[in-house]
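Count the sequence shown with the working numbering and you get residues 22 to 133, in order.
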Amino acid sequence: TDFQYYYSGSDLYPSALIGLRKDIRLEDDTLWKKIDMNPERCRDMVSHIDTRALGLGQYPRGFSIRDDQGRRIGIWYSIMTALTPVSMKDDHTAVIHTPAVDTYLRYERDPG
Numbered sequence: 022t023d024f025q026y027y028y029s030g031s032d033l034y035p036s037a038l039i040g041l042r043k044d045i046r047l048e049d050d051t052l053w054k055k056i057d058m059n060p061e062r063c064r065d066m067v068s069h070i071d072t073r074a075l076g077l078g079q080y081p082r083g084f085s086i087r088d089d090q091g092r093r094i095g096i097w098y099s100i101m102t103a104l105t106p107v108s109m110k111d112d113h114t115a116v117i118h119t120p121a122v123d124t125y126l127r128y129e130r131d132p133g
C-alpha cells in the first residue's frame, strides 16, 4: 500500500514490474503502464514474469530502486538484463526508462 505500481512490456508477460513510493512521481513521458495492485494481481504478474523468464533460462530477481542519495524510493522485479538507470529531478520526479523492447526476444534468438 506504500507504493504505486507500474509495468513495462506486454500485458501478459511484463518485462519488468516496479513499485514507487507514493511521494515519488514517475516522469510522465515514459512507456510504463500504471496498474492498481492487489495481492492476487501481484502474484499473477510475478508468476507471468517467472514463467516467461524461466522458459528462456533466465532468473528474475527483486531489487531496491534507490535515488542518487542512496535512499530507497521503490522496488523492481525483472531479469538482470532488464535493468535501466534511475535519476531524480528536483521535484521528487523519478526518471526511469523502461527496459529494452527485446528484453525476452534476445534470448529466443540466441541459441546459447
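Where a beta carbon is used, it is the ideal one built from N, C-alpha and C, also for glycine. Being a predicted model, the structure only gives us computed values, none of them experimental.
Distances from the CA of A115 to each of R73, Y34, G30 and E48 were compared; the closest alpha carbon is that of E48. When C-alpha distances from R127 are compared across V107, S85 and G78, the shortest belongs to G78. Given a length threshold of 4 residues, each whole run of the alpha helix (DSSP H) inside the segment 25 to 96 is given here in chain order: 60 to 76. By the criterion of a C-beta distance shorter than 6 Å, D44 is surrounded by no residue of its chain, once the five residues flanking it on both sides are discounted. Among the bridge pairs identified by DSSP, M101 is matched with none.
Measuring C-alpha to C-alpha distances from F24 to each of L33, D57 and L52 identifies D57 as the nearest.
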